[in-house]
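As you go down the protein sequences, you meet chains A and B in turn.
Oh and the first sequence: position 133 is 133 in our numbering, straight run, nothing missing.
Adding 1000 to a residue's 1-based position in the second sequence gives its number in our numbering.
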Amino acid sequence: MAAPLLEIKDLHVSVAGTEILHGVNLTVIAGEVHAIMGPNGSGKSTLTKVLAGHEAYTITKGSVKYQGKDLLALEPEIRAREGVFLAFQYPIEIPGVSNTYFLRAALNAARKHRGEKELEADAFLELVKQRAKLVEIDAALLNRPINEGFSGGEKKRNEIFQLTMLEPTLAILDETDSGLDIDALRVIAGGVNAMRSIKRGFIVVTHYQRLLDYIVPDFVHVLFDGRIAKSGKKDLALELEKKGYSWIEEEIARTNPGSIKV
Amino acid sequence: MTATATDTEAFLEQFPAIASGNAPLWLNKARKAARDSFASQGLPTIHDEEWRHTNIAPLLKTSLAPAPISAAAAIQDARLAPLFAPVDGPRMVFINGRYAPRLSKVTALPAGVQVKALSEILLKHPGKLEHSFTDVLCLGHPFAALNAAQFEDGAYIELDAKAVFEQPIQILHYATVGASFPRTVIVAGESARARVIEIFAGEGAYFCNASTEIGADKNASVELSRIQRESETAFHTGLLQTRQARDSRVAVQSLALGGAIARVEFDSRLNGPGAEINLAGLYLGHGKQHLDQHIVVDHAQPRGTSRQFFRGVMDEKSRGVFSGKVIVRPGAQKTDAQQQNNNLLLSDDAVVDTKPQLEIYADDVKCSHGATSGKLDAEALFFLRSRGLSARDARALLTLAFAGEVVGSIKDESLRGYLESLVTNRLKTKN
Ligand SMILES: Nc1ncnc2c1ncn2[C@@H]1O[C@H](COP(=O)(O)OP(=O)(O)OP(=O)(O)O)[C@@H](O)[C@H]1O
Ligand SMILES: [Mg+2]
């Protein structure tokens, strides 16, 4: 078996003095798509932000290996340049910073990190054109400041556009489907699918099975109260859609009484 | 409360009173009245409400004897050229407050446009300047009174009615030593249009005490870029007075980059109905710089519009001050006044004091004001880093974006580029 792209072991994470993740284990092999589902507040976004290197979170126990390296020891920008990409659940607006200007800086930072030459303006614009077409994002949006005045759906589309530009090795999508209309969902899933390759791994956080019809996962995990409570194949998502999360709670209570906080 | 009378007296003694046999009698009288006014107003101290945040004590420790005439001889064109905006148009240079024709280039002016040294106007058409000394007591602006008493020369720009001059007229005040008192008078006749760039720069420790007046007649339009890039060991005080008639428009961009202690005062009066003033300011402090902006916009007539949009970026141990006031007089109905001040603190030791104020005596008006100060947004920083930008680049990008909004809306591309490069270069030196 190939060496894992990502290996999370017994990860405990606190924020503002409260433990949110209570021992997460997850292994992603390159080429795989893992879906993470779970109730509101169960720690999905926390997990994604910890992987991206947000400094508000304290790792109290456990380890994360990315391509064999200690991911947690790397600054967020080094993680990015090494190929980790997080599409945020709530993309923020950054007035005064042009989308394309920033993206070119980001792309060239990664290229430099890999010892490649910086992309010339022409080649960069060509790439922008091509990827903008892939995710059907309006060219006018790209010259505006990052997400400023974008609709909710446009912001999500912009995240995926950036993903396709930066071509990460580990792509983490946090509820990219929320707020998208049906056509947009199809387009964006198409963009993600175009990026799928045996060299790339995906973690897709979602509340809806619908997304997984388009981006078909290899595995589905349920994050419940800071732990992966259940893992399965695509069918698990269908089951969750039908039955909700209460049965998982019952199952945990049955197999591991006392582990659920009231 | 004022500084002790002896402080003021000792300070004033450094500047020999100017009275000349060649000058018109009214001017000698005005200088004397102005000097007396400064003496009686006294040096401002932090006990004066309008100077509460700006302590000029260090100014008293600097020797300010007038610069010798010879000091100008060493200044060469090559040193000054990079200080100008890279745009075509007339250029006037003043060294230590004195006109330097050798370094200036005033040619090819269209009909109805005058660009002259004040000294020449005083000699040939002294009557033109009398209006500039009607309010010579400068109550509330002691340093402006001092300027009226002590100025040696200055710039005089006049546009006849309907004259339009699109090229910006650049005025460079360069100082090297002692105290200088540059004075600029801009008169735009009915429906005239003028653009002026006034640059303050220099080297070493000195005191530049400037006065600029803009008079805009009916429907005239005046644009002024005021670029304060003094030496960082210098002191700068400046008063910009604007007097506007009906339907006139004045737009000012004020950039404060230099000076150990630098204060700019805006005294804007909308004296005719429908007048409009747009004040945009950016102050960028680092080291131990103290940068003070003090603004009063006075709506005396109906249907006036005023905008104050000031931003400060304070780094290291610098201190910024914004004090902005809008006065709406009784009868100035339909006034539309906005005032906004935002500050970015890049270090824990940087400080900003901000005080936006409204004084409204009319009931049918639209006025708003707001002030913020804070650090760079942590989530924005994280976002940029999570895409691969270094922490340093991310900070620089966000800082530049914050500052850039003040100059970003300038239509003239080369002027905008010039101002943006000043901002970029300043912010780059630290980050
Ligand atoms: N910076 C923070 N400060 C305080 N509490 C936090 C912080 N970040 C997350 N939390 C808390 O951690 C818990 C998990 O939040 P998280 O955003 O990871 O949930 P989620 O599974 O992504 O939920 P959702 O499905 O609603 O997006 C929540 O109770 C949340 O309030
Ligand atoms: Mg979430």
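Positions of the beta carbon are idealized from the N, C-alpha and C atoms, including for glycine.
Is the separation between the beta-carbon of residue i and that of residue j shorter than 8 Å?
i, j, result
"B:Leu-1109", "B:Val-1093", "no"
"B:Ala-1391", "A:Glu-77", "yes"
"A:Val-28", "A:Gly-152", "no"
"B:Thr-1054", "B:Ile-1295", "no"
"A:Ile-172", "A:Arg-157", "no"
"B:Phe-1402", "B:Val-1321", "no"
"B:Ile-1214", "B:Thr-1242", "yes"
"B:Ala-1251", "B:Gln-1301", "no"
"B:Gln-1253", "B:Ser-1221", "no"
"B:Leu-1064", "B:Ala-1179", "yes"
"B:Asp-1298", "B:Arg-1269", "yes"
"B:Gln-1338", "B:Ser-1373", "no"
"B:Pro-1168", "B:Gly-1089", "yes"
"B:Cys-1208", "B:Glu-1230", "yes"
"A:Ile-94", "B:Ala-1380", "yes"
"B:Ile-1199", "B:Thr-1184", "no"
Once the 5 residues before and after residue i are set aside, which same chain residues still bring their CB inside 7 Å of it?
i, result
"A:Ser-45", "Gln-89 and Asp-174"
"A:Ile-248", "Val-222, Phe-224, Ala-229 and Lys-230"
"B:His-1286", "Asp-1315, Glu-1316, Ser-1318 and Lys-1430"
For a contact meaning CB atoms closer than 9 Å, what does residue i contact in chain A?
i, result
"B:Leu-1427", "Here the premise fails: no neighbours, minimum Cβ distance about 13 Å."
"B:Asp-1393", "Glu-77, Ala-105 and Ala-109"
At 8 Å on the CB atoms, spell out the chain A contacts of residue i, in chain order.
i, result
"B:Ser-1390", "Glu-77 and Ala-109"
"B:Glu-1379", "Ile-92"
"B:Ala-1401", "Ile-94, Pro-95, Gly-96, Val-97 and Pro-145"
"B:Leu-1397", "Val-97, Phe-102 and Ala-105"
What does residue i reach in chain A if we use C-beta pairs closer than 7 Å?
i, result
"B:Gly-1404", "Gly-96"
"B:Phe-1266", "Near B:Phe-1266 there are no residues of chain A at all, since even the closest Cβ is about 25 Å away, more than 7 Å."
"B:Phe-1382", "His-54 and Pro-76"
Using only the heavy atoms of ligand 1, determine whether one of them is closer than 7 Å to the beta carbon of residue i.
i, result
"A:Asn-40", "yes"
"A:Ala-237", "no"
"B:Ile-1327", "no"
"A:Ala-16", "yes"
"B:Ala-1378", "no"
"A:Ile-20", "yes"
"B:Ala-1078", "no"
"B:Ala-1350", "no"
"A:Ala-56", "yes"
Excluding the 5 residues preceding and the 5 following residue i in the sequence, name in chain order all residues of the same chain whose CB lies nearer than 6 Å to its CB.
i, result
"B:Ala-1245", "Asp-1217, Lys-1218 and Gly-1272"
"B:Thr-1002", "Confidence at B:Thr-1002 is low in this model, with a pLDDT of 49, below 50, so the placement of that residue should be treated as unreliable; the coordinate-derived value is given next. Correct list, in chain order: Gly-1042."
"A:Ala-189", "Tyr-214 and Ile-215"
"B:Ala-1145", "Ala-1034, Ser-1037, Phe-1038 and Cys-1138"
"A:Arg-196", "none"
"A:Ile-160", "Val-135, Ile-188 and Gly-191"
"B:Arg-1193", "Val-1164 and Ser-1221"
"A:Gly-17", "none"
"B:Ile-1277", "Val-1250, Ser-1268 and Ser-1306"
"B:Phe-1151", "Phe-1181 and Arg-1183"
Can you give me the Cβ contacts of residue i inside the same chain, cut-off strictly under 8 Å, excluding the 5 residues immediately before and after it?
i, result
"A:Val-262", "With a pLDDT of 42 at A:Val-262, under the threshold of 50, the modelled position of this residue cannot be trusted; read the value that follows with caution. Here the set comprises nothing."
"A:Glu-82", "Tyr-66, Gln-67, Lys-69, Leu-74, His-113 and Thr-169"
"B:Glu-1009", "Ala-1039"
"B:Arg-1385", "Ala-1391 and Ala-1394"
"B:Pro-1330", "Tyr-1361 and Ala-1362"
"B:Leu-1427", "Leu-1284, Val-1313, Ala-1396, Thr-1399, Leu-1400 and Ala-1403"
"A:Asn-108", "Glu-118 and Leu-119"
"A:Pro-39", "Phe-224 and Tyr-245"
List the residues of chain B whose Cβ lies closer than 8 Å to the Cβ of residue i, in chain order.
i, result
"A:Arg-81", "Gly-1388"
Can you list the residues of chain B that residue i reaches, using a CB-CB cut of under 9 Å?
i, result
"A:His-207", "Here the premise fails: no neighbours, minimum Cβ distance about 23 Å."
"A:Leu-71", "Within chain B, no residue comes near A:Leu-71; the closest Cβ sits about 13 Å away, beyond 9 Å."
"A:Gln-162", "Arg-1387"
Which residues of chain B have a Cβ atom closer than 7 Å to the Cβ of residue i, listed in chain order?
i, result
"A:Ala-132", "Per Cβ cutoff of 7 Å: no residues; A:Ala-132 is ~17 Å from chain B at best."
"A:Ala-52", "Ser-1386"
Residue i: beta carbon under 7 Å from a heavy atom of ligand 4?
i, result
"B:Phe-1383", "Of the ligands this structure carries, namely ligand 1 and ligand 2, none is ligand 4."
- Which residues are close to ligand 2, meaning CB closer than 7 Å to any heavy atom, in chain order? A:Lys-44, A:Ser-45, A:Gln-89, A:Asp-174, A:Glu-175 and A:Val-205
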